[in-house]
Every structure is written in C-alpha cells, then in structure tokens.
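Below is one structure, written out as structure tokens, with a few remarks after it.
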RNA sequence: AGGACUAUAGCUCAGUUGGUUAGAGCGCUACCUUGACAUGGUAGAGGUCGGCGAUUCGAAUUCGCCUAGUCCUACCA
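In the numbering used here, the protein residues as written are 21 to 971.
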C-alpha cells in the first residue's frame with residue numbers, strides 16, 4: 021500500500037471491475053428493494069445537487085444490497101424538451117445562423133439527436149465516477165421506442181377515459197420559446213412597475229352621477245386595451261349604478277363596449293372600474309366566461325401587436341361579427357413598445373389621468389426568462405383534479421410517506437387546489453401527441469394514422485394529419501417508475517420491483533414530478549386486486565446544495581461547482597474557463613472571475629470520490645439545505661488518509677503473521693475485548709441511522725469510532741502487545757486477530773458511503789481476517805453480536821484512559837516534553853485500582869510514556885507532586901526539577917474553579933425543595949452522586965494546592 | 001396576506017421521548033518529525049443555545065409573542 025491515500029489510483033479501476041462483473045444488476049435473490057433515479061437531462065451534466073442525491077441513493081442501495089436484498093436502482097435520463105431544444109437552437113444559430121424553421125422539423129430533429137449522441141455520455145460518465153451502483157443493463161431514456169410506446173399508451177387510455185381533453189383556453193405562453201408552459205414553469209418575480217389611469221369616454225352622451233362624461237380605468241397593461249370587450253364595475257357601487265348597461269367608446273379603436281356589473285370589480289381598489297380583456301388576462305378570462313363576453317386576441321405568438329385582432333365567442337368559437345380593428349401604427353409592434361405608444365397616444369388625447377408607481381409580481385418563464393403572456397390557444401389538458409384524488413388519499417393514509425414529514429403539508433395544499441394541467445407543448449423535441457385530425461378538425465386519438473383509421477372506422481377517403489405538438493416532458497417523466505420497467509407490458513420486473521421503495525429527490529420538483537408520478541402510477545397501474553399502485557413508499561426530500569455563503573448555485577452567478585472537480589481537482593484557469601465560458605449574461609463574467617480568483621486562488625485540489633461522498637453524507641441531515649464547505653471536504657479527505665494509514669499499520673503488523681484465521685486459540689487483551697464491545701454498539705447505531713435516513717449521524721458515528729476509538733486508542737493499545745517481546749504467541753495472535761477483524765468489519769460498515777477505499781482495503785486484508793469473497797459489495801452488512809458487549813472491559817478502559825489523559829494533561833500544561841519519560845506514583849487507590857494497575861501496567865508505561873509507576877500504600881510518603889484525579893485515586897507526577905510551583909498552583913486553581921462552578925450549580929438544584937420533592941428519585945440520586953464526587957475532588961485539590969503553596 | 005422552515009463556538013453543522021460539565025469538523029493557541037498517518041500527535045482556549053414571556057422542581061429541547069433570514073402559495077384593475 022502507498023504511504024499516502026491516492027484515490028485516483030483506486031477508484032476508476034474498482035468501478036470498472038464492479039460494472040464488468042455486473043454486480044449492480046439485481047441479484048434475483050432475496051426480498052426486493054428498488055429505487056428509480058430522478059432522470060437527469062440526457063444532455064446535461066450533474067451538479068452538486070445530483071451528487072448529493074446520488075450519494076444518498078447509492079448509500080441506501082449498497083446498504084440494502086449488503087443486507088441481502090434483491091436490489092434494483094433503475095437508471096436513465098429524460099429528454100428535457102424545452103431545455104434541450106433551446107440549446108440546439110442556440111447552437112444552430114451560432115454555427116450556421118439558421119433557425120429550426122430553415123431546417124424543417126425532420127432535419128432539426130436529426131440535429132438534436134446528434135447533440136444527444138455527442139453530449140449524452142456526460143451524465144453517465146459522471147455517475148460512474150461517483151461510484152453509483154445503478155443497473156446499467158436496464159438504462160432507459162424517455163425517447164427510446166419502448167418508452168415512447170408507454171407514453172402513447174398512457175395518453176390514449178387517459179383520453180379514452182375522458183381524462184385528457186383538448187380545448188381553446190387561456191394558457192401561460194412563453195413568447196421567446198413560442199410554446200405553452202404549465203403553471204409550475206412560471207416564476208413570479210417582484211418588480212417595480214407602473215399603473216396607468218386611463219380615461220374611457222362614455223358613449224351616447226351618458227354621464228356618471230358625478231357628472232363626468234367618461235370613466236377612468238386603472239391598468240398595468242395599457243397595450244392590451246385593443247382587446248378590451250367590456251368595462252366592469254361592481255353592482256353595489258353607488259358611483260356607477262346609473263351607467264351599468266351603457267357603453268363606452270374605446271379610444272384609439274372606436275369600438276363600443278359595454279359597462280357590465282361583476283364582482284370582480286372591487287369598489288375599494290383603483291377607480292372601481294376595470295377594463296376587461298378576456299384574451300389577455302386570467303381574471304378577465306373568467307369574467308368573460310361568466311358574462312359571455314367576446315374575446316379579442318391582439319398579440320402574435322411572439323407577443324407583438326397583430327395587424328387585426330382575432331375575435332372569438334366566450335366558448336372559444338370564431339366570432340367574425342366583432343370589430344377587431346387595430347390602428348395601423350401599432351401593427352407588429354413589440355408589446356412593450358406598444359405600451360409606451362398607447363400611453364403616449366392617450367396622453368395626446370388628454371385621456372391619461374395619472375401614472376402611479378406600483379409594486380407587483382410579474383410572471384416569467386423559468387426557461388426562457390421573458391415575461392409570460394396569457395395566450396388564447398388550442399391545447400391539450402389533463403384532468404388533474406380527478407387524477408389527484410387517490411394520491412391525496414395515499415399520503416393521508418400513510419401508503420406514501422414523506423421524509424421529512426412537513427413536506428406532506430406542501431403536497432396537500434397543492435394537490436387540493438390543483439388546476440388542469442396543460443400537457444401540450446409547441447416544440448419539436450418530445451413525444452409527438454398521438455392525435456389526428458380530419459379536414460373538419462375532428463380529432464382521433466391513436467398510436468398511428470392506420471391505428472386511428474382502424475379504431476374509428478375511417479375510410480381512406482378521409483385525410484388525416486397528426487397534431488404538430490409534443491407532450492410536456494413531465495408527462496413522460498410521470499410514467500418513469502413503471503414505464504422504465506416495461507409498462508404497459510406486465511412482466512416480472514414490474515411485479516418484483518414496483519412499487520419502488522424510496523424516491524430521493526429535491527423539494528423543488530415535488531409538484532413537477534413526484535406528484536405527477538403519483539397521479540400517473542395510481543391511475544394507470546393496478547395491483548392484482550385492482551387497487552391503484554403507488555410508485556414509491558417513501559419520498560426522501562433533500563435540501564439544496566448552496567455555495568459557501570448560502571447562495572443558490574447557478575450558472576449566472578458563476579458559483580457552480582462540478583462534483584468531478586472536487587474529486588479530480590481543477591486548476592484556477594480551468595475553473596475560470598468553465599464558469600465564464602458560454603454565458604447567457606457575459607456582463608457577469610468579470611464579477612465571477614474576481615470572486616472565483618478570491619475563493620479558489622489555487623484552484624481546487626483533488627479529494628477523491630470517497631471523501632466527497634462522505635462529506636455529502638455527513639451534511640445530509642434530512643430536508644436541510646447544505647451550505648457547501650470546502651474545508652469540510654478537506655477534513656474528510658484527511659479522514660480517508662487516516663483510514664488508509666490505519667490499514668497500512670494493520671497490514672504491516674499482520675501480513676505473514678498468524679492472525680488466528682483458522683480458529684486457533686487466542687488470548688484477548690483488555691483492549692481487544694473493549695474494541696470488540698464498542699464495535700457492536702456502532703454496528704447497531706449505524707444501521708439504525710441509515711434506516712432512518714440520518715446519513716449525517718451514520719457518518720458521524722463512523723468517523724468518531726474509526727478516528728477516535730479505533731485509531732486514537734485501539735491501535736496505540738495494540739502496540740504494547742505486538743511489540744512486547746515478553747508477550748505470548750496467544751496474546752499476539754489475539755491482538756492481531758482483533759486488529760484485522762475489526763478493520764474488516766469497519767470496512768463493510770463504511771462501504772455504502774465510501775465504496776472505493778473500503779473495497780481496496782478490504783481486498784488487501786480479507787484473507788488475514790479469514791474471510792473470502794470477490795468483492796466487499798457482495799458481503800453482508802455487519803450485524804451486532806450482543807454476546808461481545810463487555811461492559812467490564814469498557815469500564816476498565818475508561819479508567820485506563822483516565823490515568824493516561826491525566827498524565828498527558830500534566831505534561832501538556834507544564835510543558836514537559838513528550839520525550840521525557842516520567843515517574844508516576846499512585847496514591848489513595850482502592851483494591852480495584854490496584855488490580856487494574858497491575859493488569860494494565862504495560863499499557864500505561866507505553867501510552868503515558870512512563871519510566872516507572874509506584875503504588876503507594878497508606879502511610880507511604882509522597883513527594884511534592886502535580887496531581888490528577890481518577891475518581892478518588894490520585895495520579896502523582898513528582899515536581900522535582902520538572903514542574904514550577906506557581907504553574908502547578910495556577911493549574912490547580914483552574915481545576916478548582918471549574919469544580920466550584922459545578923458544585924454551586926448542583927447545590928442550587930439540591931437546595932430547591934421542589935426539585936428534591938418532584939424530580940424522579942434517580943435524577944436526584946444522580947445529582948447527589950455528582951456533587952459528592954466534585955466535592956471530594958475539590959477538597960483533594962485544595963489540600964494539594966495549600967501544600968504546594970506552602971513550599 | 002396565508003403557510004412552512006431556519007436561528008446553537010469565528011465558520012459549516014449535530015443535539016432523538018425536557019434532567020449532558022451543550023458536542024463534531026474546520027479554524028485558533030502551545031508543544032511535538034515517538035518505528036500507520038504532519039492529509040499527523042498531545043494538551044488547551046472558545047458558547048448567558050436569536051430576543052421576550054409562559055408551562056415545569058428543571059427548557060437548547062414544549063407553548064405563545066417578537067426579530068432576522070430562506071422558501072412556498074395567493075393577490076395586486
């Protein structure tokens with residue numbers, strides 16, 4: 021073994037071995053345990069959030085595999101419709117200046133597939149580097165033909181049941197991407213905007229009660245006024261009673277529109293008069309439906325002003341009666357330019373009453389980043405309300421559990437108020453909607469044109485054309501848990517592994533994905549009793565990985581970290597290139613450069629996969645966001661090095677030696693019995709923490725045991741045995757056997773979190789430990805043997821540690837060199853102390869670095885000494901020539917003061933009658949015991965201090 | 001506006017059913033190249049647990065209010 025831990029030397033080769041030997045695939049034996057990976061974007065790359073989730077998933081699946089389960093971790097990617105199409109469009113524009121329309125649909129699709137081939141390996145490469153034990157033999161992609169068939173089947177059966185329908189509705193329209201998007205893809209942002217108060221003149225000489233021949237409406241979107249089809253006032257508003265039913269003449273356009281009464285108009289807000297534009301505002305749309313108002317769409321799909329509006333009736337049918345005139349100067353004008361013009365024209369007419377500053381929230385597309393436009397279009401919708409019902413029940417009755425539980429509330433609040441889901445997208449990259457239209461626009465839903473003819477009995481004289489649109493990516497992702505396993509085909513895999521056990525994902529996609537997967541699975545999959553099948557039993561929600569100052573990592577902020585850079589390291593130059601290259605907002609580059617140079621002046625050194633995984637596990641307290649801390653990563657790399665060197669020590673002392681592999685007789689030292697005892701407790705704790713999704717506690721438990729107990733104490737305690745020429749072969753064999761066996765167990769315990777280093781070490785010591793097997797991956801997870809718990813040994817080691825630490829404390833405080841071997845006297849010891857001293861003299865001499873230990877009997881004269889207490893027993897280090905009187909007095913004072921504080925605190929407690937009367941007996945007794953101990957210690961130290969001070 | 005979460009050492013975080021001398025890592029101080037490891041060892045320093053109040057014999061832990069921050073939902077003519 022190398023002297024220092026070199027992760028790069030071991031990681032890739034072990035992964036290759038595991039994969040080649042197909043260890044990741046289900047074993048086919050034992051109880052099933054399954055998980056599906058949240059499918060990442062096929063052309064994307066993994067960020068820290070993925071690394072975090074993948075570490076959790078891999079730890080769970082490796083743990084379950086070692087528990088003997090038949091484990092499946094289903095892997096795959098999704099096609100990420102909008103994101104991928106955008107990238108390829110941008111690439112195309114940059115390379116050839118062409119748009120997708122220049123190429124045409126088929127040729128453009130070829131370009132996307134090329135891009136997928138080119139960049140699609142990224143993710144899977146990263147996953148291999150992260151050590152993820154996914155079942156590569158069953159890798160899936162949402163655009164694979166088989167998956168495509170599942171998507172079509174789902175769509176068609178939902179349509180046939182009436183749960184999918186098509187309609188002309190107002191939807192969220194992204195004018196940049198020119199597609200509809202769902203509510204969830206809209207992000208609200210606070211913005212300082214303006215409110216314009218516009219005068220609308222009353223027609224036919226009508227006046228208001230106040231005598232005005234106009235009314236004033238307030239609006240944040242003047243440019244939509246071309247599409248106004250009414251002005252609403254509240255029926256109860258005394259100011260406008262007399263004009264309800266009258267008309268106004270819409271400025272700039274000249275159209276007469278009615279003044280209607282509707283509760284939507286709030287008397288307290290604005291002027292009490294609201295312009296109603298049903299084709300461009302969700303509230304107005306509802307008003308329009310209630311009041312049967314016509315709708316006029318005045319915007320193009322790129323959100324420019326149309327040359328003439330499109331008129332519709334409130335039911336969505338064409339209305340050719342209504343005047344849709346738009347003044348020529350506005351034709352094809354961009355929406356915000358049009359806004360300025362409308363305001364200017366109103367001002368010129370004297371119709372602009374005032375402008376107010378207005379704080380408001382504006383909807384932006386989460387992908388395109390431009391303001392979303394409510395747009396009247398034909399779209400496909402899924403009846404989410406109906407689909408949601410059973411999923412709510414499943415969470416209510418505990419069939420599906422969220423960890424942490426508070427996310428259930430979030431889930432409920434959303435599901436109980438769910439809106440129909442717009443599932444069509446005006447994109448090319450995705451699953452094309454399996455719907456066909458005849459010349460009259462009548463729709464036929466089937467997998468293909470010929471299937472449609474057959475299903476609907478259509479003759480060849482009828483021409484059919486397929487719907488141009490594709491499905492929302494989340495529609496296909498919603499099928500992920502079961503379509504990856506072959507649904508609609510009923511097969512063994514589905515039967516064995518569905519429902520899956522655990523889903524690990526982030527809270528940000530609970531609605532996008534988790535809820536949709538629940539809806540789809542419960543509607544489309546039924547168990548043998550016909551009961552809706554849930555997709556997973558537990559949803560483990562992780563927090564976000566943020567940067568060191570708590571900010572979200574994002575490309576625009578330039579604070580993104582690639583998990584592989586943490587593993588393999590990266591130079592500052594390369595990191596800068598990564599962060600500032602190919603930016604959407606190049607103006608940020610300078611700021612990012614400065615920040616990166618400051619934080620990573622020397623780039624990032626390599627830490628290895630195991631250290632990264634251990635860090636992520638150690639930070640994974642459930643549901644909490646993680647602020648990434650590079651120092652912590654360094655600490656855990658050092659931990660790996662520690663393990664590595666401990667293993668070297670073990671190997672050096674056991675290789676070629678008799679370690680009792682064949683069950684030879686051994687004699688176990690106190691330390692041997694103690695470490696074995698401790699190990700049992702650790703085995704219980706770690707398994708419990710993993711089962712409870714507390715990987716942070718599991719990691720902490722392992723860290724503490726390995727570093728502080730095994731390395732810190734046990735390895736040191738093994739030296740006096742192994743290096744003692746007087747030790748018997750039985751004793752040496754006992755210690756060697758314990759050394760190597762405990763290490764072997766530690767490796768198995770730690771393997772789910774740190775797969776590589778544990779495999780490497782396990783391989784090199786397995787024979788010494790008397791075990792065989794091809795890989796640690798396939799070994800069983802350690803299980804505690806309660807018969808090995810030895811409380812007497814633990815108590816005796818505590819005593820031993822007390823004496824050693826006592827001497828070391830004197831040494832440290834008094835500045836005595838560790839090289840100086842000390843003489844120690846033991847005073848006021850009990851019979852038990854005497855016995856323990858006799859039994860452990862060898863350990864004490866070595867670990868406390870002593871020259872001599874002398875047991876003082878009652879009446880024996882003790883020299884002036886520095887004192888440490890172990891219980892009632894005094895550990896004395898003679899001061900002569902070594903220790904300064906004043907230093908010792910001040911050391912004692914420090915101790916005495918500490919005890920004084922504690923004694924005062926407990927005295928207060930015990931002096932409180934209510935405490936003594938009400939607290940449980942055991943608690944009171946414990947306090948009494950404590951204070952007695954503190955008092956006797958304090959007395960001894962005071963006595964000692966007086967003696968020394970008197971010198 | 002409604003809801004959720006968070007606030008513990010200089011920093012990043014633990015603290016399970018109320019009873020601990022409130023812990024870990026990093027950082028800090030002093031000393032140490034002792035035959036696994038300086039990516040190390042030994043000994044230390046450092047916290048009135050965001051604030052106020054309540055319940056209790058006893059609160060970091062339970063409850064209420066407040067402050068700060070993060071997030072979600074809704075509304076904004």
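Don't be surprised by glycine CBs; every beta carbon is placed ideally from N, CA and C.
Task: Identity of the residue in 938, 965, 959, 929 nearest residue 948 by Cα - done: Residue 929 is the option with its Cα nearest to residue 948.
Open item on the list: Do residue 151 and residue 775 count as a contact pair if the criterion is CB distance below 8 angstroms?
Closed with: yes
Open item on the list: What would DSSP say about residue 33, mapped onto helix, strand or coil?
Closed with: helix
- [ ] Assuming residue 314 contacts residue 228 (C-beta within less than 8 angstroms), just tell me the rounded distance between them.
- [x] Rounded, the Cβ-Cβ distance is 25 angstroms, inconsistent with contact.
- [ ] Provide the residue(s) that pair with residue 870 in DSSP beta bridges, ordered along the chain.
- [x] Residue 870 pairs with 842.
TODO: Have a look at residue 740 and residue 687 and give me their C-alpha separation to the nearest angstrom.
DONE: 15 angstroms
Task: N-terminal and C-terminal residue of the alpha helix (DSSP H) that residue 402 is part of - done: It is not in any alpha helix (DSSP H) - residue 402 instead sits in the beta strand (DSSP E) that spans 393-402.
- [ ] Confirm, please, whether the CB-CB distance from residue 392 to residue 192 is below 8 angstroms.
- [x] yes
TODO: Would you tell me roughly how many angstroms separate the C-alpha atoms of residue 154 and residue 95, rounded to the nearest one?
DONE: 6 angstroms
Task: Cα-Cα separation between residue 156 and residue 49, rounded to whole angstroms - done: 19 angstroms
Task: Of the listed residues 606, 368, 333, 325, nearest to residue 356 (C-alpha basis) - done: 325
Open item on the list: Using a 10 Å radius around the Cβ and a threshold of 16 neighbouring Cβ atoms, would you call residue 502 buried or exposed?
Closed with: buried
Task: Assigned secondary structure, residue 281 (DSSP; H/G/I helix, E/B strand, else coil) - done: Note: residue 281 maps to strand in three-state DSSP.
- [ ] Leaving aside the five residues before and after residue 163 along the sequence, list all residues of the same chain whose C-beta is less than 6 angstroms from its C-beta, in chain order.
- [x] 99
TODO: Verify the contact flag: residue 245, CB atom, against every heavy atom of the ligand NAD, threshold strictly below 7 angstroms.
DONE: The ligand NAD is absent from the structure shown, which contains no ligand whatsoever.
Task: Distance, residue 781 Cα to residue 422 Cα - done: 37 angstroms
Open item on the list: Using 8 angstroms for Cβ pairs, my map puts residue 218 next to residue 366. What's the rounded Cβ distance?
Closed with: 5 angstroms
Task: Complete runs of the alpha helix (DSSP H) confined to the region 901-961 [at least 4 residues] - done: 905-931, 933-938
Task: Beta-carbon proximity list for residue 381, same chain, < 6 angstroms, skipping 5 on both sides - done: 208, 210
- [ ] Please go through the same chain and pick out, in chain order, the residues whose beta-carbon is closer than 8 angstroms to the beta-carbon of residue 702, but skip the five residues on each side of it.
- [x] 721, 722, 725, 769
Task: N-terminal and C-terminal residue of the alpha helix (DSSP H) that residue 177 is part of - done: For residue 177, the uninterrupted alpha helix (DSSP H) run begins and ends at 165-180, by DSSP.
TODO: Alpha carbon to alpha carbon, how far is residue 820 from residue 852? Give it in angstroms, no decimals.
DONE: 12 angstroms
Task: For residue 247, the three-state DSSP class (helix, strand or coil) - done: If DSSP states are grouped into helix, strand and coil, residue 247 belongs with the helices.
Open item on the list: What residue range does the beta strand (DSSP E) around residue 648 cover?
Closed with: Segment: none, residue 648 is in no beta strand (DSSP E) and carries neither H nor E.
Task: Cβ neighbours of residue 531 in the same chain (closer than 6 angstroms, five flanking residues each side left out) - done: Result list for residue 531: 204, 434, in chain order.
Task: Identified DSSP bridge partners for residue 699 - done: For residue 699, which the question treats as bridged, DSSP gives no partner whatsoever.
Open item on the list: DSSP three-state label for residue 255, please.
Closed with: coil
Task: Residue environment, residue 110, which counts as buried when at least 16 other CB atoms sit within 10 Å - done: So residue 110 counts as exposed.
TODO: Can you give me the start and stop residues for the beta strand (DSSP E) that residue 723 sits inside?
DONE: From DSSP, residue 723 is part of no beta strand (DSSP E) but of the alpha helix (DSSP H) over 715-723.
- [ ] Compare the beta carbon distance of residue 237 and residue 294 with 8 angstroms and say whether it is the shorter of the two.
- [x] yes
- [ ] Inspect the beta-carbon positions of residue 699 and residue 765 and report whether they are closer than 8 angstroms.
- [x] yes
Open item on the list: Closer than 8 angstroms is the cut-off here; do at least three beta carbon pairs connect the region 508-520 with the region 465-474?
Closed with: no
- [ ] Helix, strand or coil for residue 552, going by three-state DSSP, please let me know.
- [x] strand
Task: Runs of alpha helix (DSSP H) wholly within the region 357-438 (minimum 4 residues, chain order) - done: Correct list: 404-416, 427-435.
- [ ] State the Cα-Cα distance for the pair residue 645 and residue 578, rounded to the nearest angstrom.
- [x] Each residue's Cα considered, the two are about 19 angstroms apart.
Task: Residues sharing a beta bridge with residue 238, DSSP - done: 217
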